[in-house]
Amino acid sequence: NLSDKLDKAFHILKGHGQITEVNVAETLKEVRRALVDADVNYKIAKDFTKTVKDKAIGQDVLSSLKPGELMVKLVKDELTSLMGGDAKGINLSGNPSVILMSGLQGSGKTTFSGKLANFLKNKKTKKPLLVACDVYRPAAIDQLHVVGEQIGVEVYSNRETKDPVKISQDAIAHAKENGFNVVIIDTAGRLAVDEAMMTEISNIHKAIQPQETLFVVDSMTGQDAVNTAKAFNDILNFDGVILTKLDGDTRGGAAISIKSVVDKPIKFIGTGEKMEAIDVFYPERMADRILGMGDVVSLVERAQEQYDEEEARKLQKKIAKNQFGFDDFLNQIQQVKKMGNMKDLIGMIPGAGKMMKDIDIDDDAFKHIEAIIHSMTPEERAKPSIINASRKKRIGKGSGTSVTQVNQLLKQFNQMSKMMKMMQGGGGKKMMQMMKG
Ligand code: GDP
Ligand code: MG
4 NLSDKLDKAF HILKGHGQIT EVNVAETLKE VRRALVDADV NYKIAKDFTK TVKDKAIGQD
64 VLSSLKPGEL MVKLVKDELT SLMGGDAKGI NLSGNPSVIL MSGLQGSGKT TFSGKLANFL
124 KNKKTKKPLL VACDVYRPAA IDQLHVVGEQ IGVEVYSNRE TKDPVKISQD AIAHAKENGF
184 NVVIIDTAGR LAVDEAMMTE ISNIHKAIQP QETLFVVDSM TGQDAVNTAK AFNDILNFDG
244 VILTKLDGDT RGGAAISIKS VVDKPIKFIG TGEKMEAIDV FYPERMADRI LGMGDVVSLV
304 ERAQEQYDEE EARKLQKKIA KNQFGFDDFL NQIQQVKKMG NMKDLIGMIP GAGKMMKDID
364 IDDDAFKHIE AIIHSMTPEE RAKPSIINAS RKKRIGKGSG TSVTQVNQLL KQFNQMSKMM
424 KMMQGGGGKK MMQMMKG
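Start counting at 1 in the sequence shown, then tack on 3, and there's your number in the UniProt record's numbering.
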């Protein structure tokens with residue numbers, strides 16, 4: 004399944020193995036495949052992986068620390084922004100605020116009208132009125148009444164007329180007279196886009212000028228959803244999209260395609276048949292869902308937060324100039340300690356992961372190291388090479404450790420400096436050059 008595929012793709016990058024042009028390309032190919040499998044339009048998926056690749060090339064600092072994690076983060080951020088960045092609410096500024104539902108038959112308009120009314124009613128300051136404008140099927144009017152009763156919201160309907168424009172206008176007047184501050188208009192849909200439906204919804208739209216026109220779409224329809232969205236948007240220039248039937252393991256890639264094609268925010272999702280099954284749409288959560296990599300992402304984010312980018316940049320300069328000293332080392336230890344679980348996170352210090360994974364990492368181990376460094380003079384910290392036998396003795400005494408322990412730390416420090424220099428000078432840049440090619 005999708006999740007496994009992406010795990011495989013990211014495993015290549017997360018691993019300790021070397022990043023090469025081949026496995027970066029492989030990973031992006033897997034990502035693209037996963038997106039297409041999740042119903043994302045092929046061209047959009049292709050553009051997407053190209054954008055991620057370009058961004059990866061543009062960022063050189065963190066990339067050399069842990070290229071794989073940077074890639075995961077880039078993919079997720081890009082997906083999130085593709086789906087609209089932040090969550091967008093609905094406009095409820097009118098009095099009453101009029102919300103018009105549009106979409107094909109069976110997309111979930113009636114159900115969502117009820118869910119939204121219930122959602123707003125629970126906010127206490129809103130008193131919604133539901134309006135039945137699906138005049139062709141008596142059963143549709145009954146359905147909305149059943150929903151209204153279920154959630155305790157009044158339903159306005161008129162079985163005497165087949166004119167949805169009149170019904171919606173009368174309903175708004177009724178709302179004004181009776182203190183309803185939100186009017187939710189449920190309309191008729193057809194099985195496919197046709198002129199009659201488009202003319203009708205367009206007429207209602209023109210006559211009542213709603214604050215919000217919402218396009219309701221069944222997320223299980225995959226690619227078709229995109230074409231339908233485009234047809235409705237051309238006529239209505241709607242304000243937002245509602246993705247229904249996103250229950251369980253529905254793939255949800257349509258969200259990405261719709262957003263790319265019509266450039267309108269997805270505002271809510273429906274996740275079941277019950278009135279409570281409504282959620283505000285959060286692009287970031289959807290990105291997690293599509294990528295199925297929640298745990299990886301949180302780990303990356305933790306590292307990202309704690310590992311201040313600016314620090315990394317400074318550090319990189321120092322390493323390049325051969326100025327990495329014990330003060331920086333101390334700094335790194337403090338960074339690691341901030342992150343919490345040492346054993347999990349030690350690998351995030353540049354170069355330190357391999358050096359330190361063999362020694363038992365606990366707070367005590369750090370205590371010794373810190374004590375030794377604190378006993379060094381500023382000069383010794385900046386230029387460890389001057390630490391001769393007599394200095395070692397003094398440092399050992401001052402820190403309550405032995406000369407052997409001081410030696411051990413100096414040895415580790417030297418190895419680490421060498422490795423960091425190698426990583427900075429070689430690996431990172433080389434990878435980026437290869438990706439450009
Ligand atoms: P309409 O024709 O656009 O008004 O669509 P309906 O609201 O009548 O919904 C069509 C069918 O989809 C009904 O059987 C609903 O119960 C079902 N439905 C609507 N929204 C959801 C949802 O989010 N999840 C699931 N599983 N079913 C839904
Ligand atoms: Mg309906």
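Note that CB positions come from ideal geometry on N, CA and C, so glycine has one too.
Check: Integer-rounded CB distance, given that Asp-237 should sit under 8 Å from Met-104; Outcome: Contact doesn't hold; Cβ gap of about 18 Å is too wide.
Check: Cβ-Cβ distance between Lys-233 and Val-264 below 7 Å; Outcome: yes
Check: Bridge-paired residues (DSSP) for Ile-102; Outcome: Ile-187, Glu-215
Check: For Ile-372 and Asn-325, the rounded distance between their alpha carbons; Outcome: 21 Å
Check: First through last residue of the beta strand (DSSP E) which encompasses Lys-270; Outcome: 269-273
Check: Beta-carbon proximity list for Ala-290, same chain, < 6 Å, skipping 5 on both sides; Outcome: Lys-79, Leu-82, Thr-83
Check: Per-residue burial, Arg-316 [other beta carbons within 10 Å of its own, 16 or more giving buried]; Outcome: exposed
Check: Contacting residues, own chain, Cβ-Cβ under 8 Å from Lys-396 (five flanking each side not counted); Outcome: Val-406
Check: DSSP three-state assignment for Tyr-159, whether helix, strand or coil; Outcome: strand
Check: Endpoints, the alpha helix (DSSP H) within which Gly-151 is located; Outcome: 141-154
Check: 8 Å contact criterion, which Gly-92 and Pro-286 should meet: CB distance rounded; Outcome: Their Cβ separation, rounded to whole angstroms, is 13 Å, which puts Gly-92 and Pro-286 out of contact at 8 Å.
Check: Collapsed DSSP secondary structure at Asp-282 in the structure displayed; Outcome: strand
Check: Three-way DSSP call (helix, strand, coil) for Gly-111 in this model; Outcome: coil
Check: Integer-rounded CB distance, given that Leu-95 should sit under 8 Å from Val-185; Outcome: 7 Å
Check: Near the ligand MG: Lys-32 beta-carbon under 6 Å from a heavy atom; Outcome: no
Check: Thr-114 beta carbon near the ligand GDP (any heavy atom closer than 6 Å); Outcome: yes
Check: Where Gln-418 falls, given that 16 or more other Cβ within 10 Å makes a residue buried; Outcome: exposed
Check: Near the ligand GDP: Asp-250 beta-carbon under 6 Å from a heavy atom; Outcome: yes
Check: heavy atom of the ligand MG below 6 Å from Asp-221 C-beta; Outcome: no
Check: The beta strand (DSSP E) enclosing Gly-225, as first and last residue numbers; Outcome: Per DSSP, Gly-225 belongs to no beta strand (DSSP E) and is neither H nor E.
Check: Nearest residue (CA-CA) to Asn-125, options Gly-155, Met-201, Phe-115; Outcome: Gly-155
Check: Any non-hydrogen atom of the ligand GDP closer than 6 Å to Glu-279 Cβ; Outcome: no
Check: Distance, Lys-58 Cα to Asn-410 Cα; Outcome: 43 Å
Check: Pairwise C-alpha distance: Ile-272 and Asn-240; Outcome: 20 Å
Check: Distance, Arg-36 Cα to Asp-137 Cα; Outcome: 40 Å
Check: Closer than 6 Å: Asp-42 CB and nearest the ligand MG heavy atom; Outcome: no
Check: Within 7 Å, strictly: CB atoms of Ile-269 and Val-244; Outcome: yes
Check: Same chain, Cβ closer than 6 Å to Lys-433, neighbours up to 5 away in sequence not counted; Outcome: At Lys-433 the pLDDT is 42, less than 50, meaning the model places this residue with poor confidence and gives no usable figure here.
Check: Residues that DSSP places opposite Asp-221 in a beta bridge; Outcome: Thr-247
Check: Nonlocal neighbours in the same chain, by C-beta distance under 8 Å from Ala-191, ignoring five residues either side; Outcome: Gln-108, Cys-136, Asp-137, Val-138, Tyr-139, Arg-140, Ala-143, Pro-167, Met-200, Glu-203
Check: Check: Ser-110 C-beta below 6 Å from any heavy atom of the ligand SAH; Outcome: Of the ligands this structure carries, namely the ligand GDP and the ligand MG, none is the ligand SAH.
Check: Distance cut-off 6 Å: Gly-243 Cβ against heavy atoms of the ligand GDP; Outcome: no
Check: Integer-rounded CB distance, given that Lys-321 should sit under 8 Å from Gly-111; Outcome: Rounded, the Cβ-Cβ distance is 58 Å, inconsistent with contact.
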